[in-house]
Each structure stands twice: as structure tokens, then as C-alpha cells.
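Adding 124 to a residue's 1-based position in the sequence shown gives its number in our numbering. A short worksheet on the structure shown next.
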Amino acid sequence: MKEDKIFTFSENSLEKELASLGKEKIRQVRVSQKSITENKQKLLRFVSQAEKIAPDVLYQFEIPLSMIDRETVVAFSSIYSSLDIEFDSVEGNFSKNLSKKANLLNEAGLIFGFVVNLKDISIKSFKSYVDFMILQYPNHINFVTENLKPTNVLSTQDIKTVENLCFAIECFYTFGRAVPWFLSVVNPLRIKPSVFLSDFAEWQRCNNCSLKSGFNPKSEHHLVIEKMLLSFLKFKYEEKKLFHAFPVVEDLMKLQGAFARACGEGEETILDLSYSPEDLFSPYSQNILAFSEEVCMEACSVKVFNTEEGPDFKLL
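Written out as C-alpha cells, the structure reads:
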């Protein structure tokens, strides 16, 4: 599928430039200019005009965490949008502030991710950040590590460890499109997300797909990433003697992955599943172990495809 053209917006001639989007067949607009994104009045005006003039465009905003409040969330909900929310790892009252804002975003059903500028951290505090942020259900997490410097609590080797863990998160969580199922498949292992992802970083090193190896998840098809994640999860489930539950994990990831590709790339997928897709999409699948023990297997073939109303499936 041909990639949408990315248009970087300029604040000048707001109405004229928004009107030109349809003529130029631009389907995605990245709004990153700080004169707009760091000024609430201008940001709300932009969203209002976008809703009126070019409502069919996907607007990708790069905005500071401070701009997220009930008023801006309502505004973003009025257009087709996704948010890259930027903040430093040293911001005060981090947990309470981030949780409150993430709740607003999740309640509104908005797509959002975190862009975190790392500085003044230790290995321990960084892992705490990872554990907490994943609990907020972001669509993606990107860490900026360029500002990390050795300190009395962060050695040069620690910085390399952080960089490898950031890459593991990027591969597994962001490019794995893992937000719908990540916590569900990790919870049975009884380890924190940061520990799980640290193990994945080590697995990547051993399997020649680490940061140092030159592996680039951006250039890989999602199915390649999905296969890699399933290989690691199979290893972890076998390690924890949870063999019986892995078919649930495999089906859940494959079905959610197919829906993500249908939505994102318009791609059709045919899957051979061990469980009914209706069961896999039910709330019961959030508890992997209970699901594996209580839900009967129902082998089937499923076609996943995109429609004007969004992704759908049919039994073959």
C-alpha cells in the first residue's frame, strides 16, 4: 500500500493551507510547530479550523504533556488525530500527573504515545518509568537517549543497558503494535514489564537482532516483527511451564496483528486459529490462563480485511 504523504504544517495562512490539503490529496499532517503546539489558544483554533475545513485528514500532533487537559482532549476528539506527548523524565509529580492525563485520553478513546527525553535517571528509576508508562496504555513509547550522561548513579555501561532496553521497547511494544494485548500476555509470567523487556533485549542480543546488530524494525514488515515476538514469548511461556496457555497467546497476537494491518495498511490476512475469533475478542481473553482452561478450542480459518467502517473478519 502506498504510504500517505506527510505534510508539515506552517502556521501562516491557516485556512488557506487547510483548504489545500484535499486538493493536494494529503491524508496525513504532522503538526509540530511549537508556536501552535505550545500555545493552547492557537492549538484549539487550529483544531477548530481543521474540523471545519479538512475533517478527513489524520492530524499527528507533537505536543508537550502540559497541553493535555479536559478542554484539549475534547477538541482532539472532534477530529481524526493521534498524539505524540513529549516530556522529560525528571518532571515533578510524574506519576500522578501522567496518570491523570492518560486517563482523560483513554476515556476519550484517543490514540496517543509518549516521547520521553531521558536525563538524570538511574537504571532503577528508568525501569520504574517503563513499568508505570505501560500501565497507561500508550499506543507507542519512544525514548530520547542523546542527553544521557554518566553520573554517580548512571555509568557508561548503564547507558548502554538503557539504550538496549529502549530499543527492545521500540521493537516489541511500538513496532509490535502490542498495546491491545501486551499486559494480558505478560501478566501470566508474573514479572514486571521492565523485566520482561530486559529479557527480550538479551534475547535480541543472542539472536542477532539487537541495536548493535543493525536490525531496523522500521524497515521490516509487521509480520516479521510478529514472528520474532512470538518466538520470544514461546520461549518465556515454556520457561515458566505454561505450555498449555501459549496457543491463546499466539491466536490473540495474530488476530490483533491482522486487524492492525487491515486498519493501517489495508492488508488482508488469512489466519488458521485454534480458538473462535468471537472468544478471542471477548473480555475473557484478557485473562490468558483462565481462558486456556475454560474456553474450548475451536479450530477455524479466518479472513481479516478492511471496510469503510473499519477492520472486520469472516470465517472461511
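Glycine included, each C-beta is placed from N, C-alpha and C at the ideal position.
Shown here, residue 186 sits in a strand according to DSSP, grouped into three states.
For residue 424, the enclosing beta strand (DSSP E) has its first and last residue at 424-431. Secondary structure of residue 245 (DSSP, three-state): coil. For the pair residue 267 and residue 229, the CB atoms are not nearer than the 8 Å cut-off.
If you ignore the 5 residues before and after residue 368, its C-beta comes within less than 7 Å of the C-beta of 416, all in its own chain and listed in chain order. By the criterion of at least three beta-carbon pairs nearer than 8 Å, the region 320-334 is not in contact with the region 395-406. In the displayed model, residue 383 falls within a helix according to three-state DSSP. The beta carbons of residue 398 and residue 421 sit closer together than 8 Å. Exclusion of the five residues before and after residue 271 leaves 241, 242, 243 as the residues of its chain whose Cβ lies within less than 8 Å of its Cβ. C-alpha of residue 202 to C-alpha of residue 234: approximately 10 Å in a straight line. Taken in chain order, the whole alpha helix (DSSP H) runs of length 4 or more contained in the region 142-167 are 158-161. In chain order, 321, 322, 325 place their CB closer than 7 Å to the CB of residue 289, counting only its own chain and leaving out the 5 sequence neighbours on each side. Distance from the Cα of residue 248 is smallest, within the candidate group 342, 283, 260, 231, for 283.
In the assembly as shown, residue 440 is an exposed residue. Its beta-carbon has fewer than 16 other beta-carbons within 10 Å. Residue 435 is bridged by DSSP to 430. Rounded to whole angstroms, residue 273 and residue 256 show a C-alpha spacing of 23 Å.
Counting C-beta pairs closer than 8 Å gives three or more between the region 422-432 and the region 379-392, which meets the contact rule.
Counting other Cβ atoms within 10 Å of its Cβ, residue 413 stays below 16 and is therefore classed as exposed.
With contacts defined by Cβ atoms closer than 8 Å, residue 185 and residue 155 form a contacting pair. DSSP places residue 368 in no alpha helix (DSSP H); its state is neither H nor E.
Going by beta carbons, residue 236 and residue 265 fall outside the 8 Å limit. In the structure shown, residue 346 adopts helical secondary structure according to DSSP, grouped into three states.
Assigned with DSSP and collapsed to three states, residue 198 falls in helix. In the structure shown, residue 237 falls within a strand segment according to DSSP collapsed to helix, strand and coil. In the structure shown, the three-state DSSP call for residue 211 is strand.
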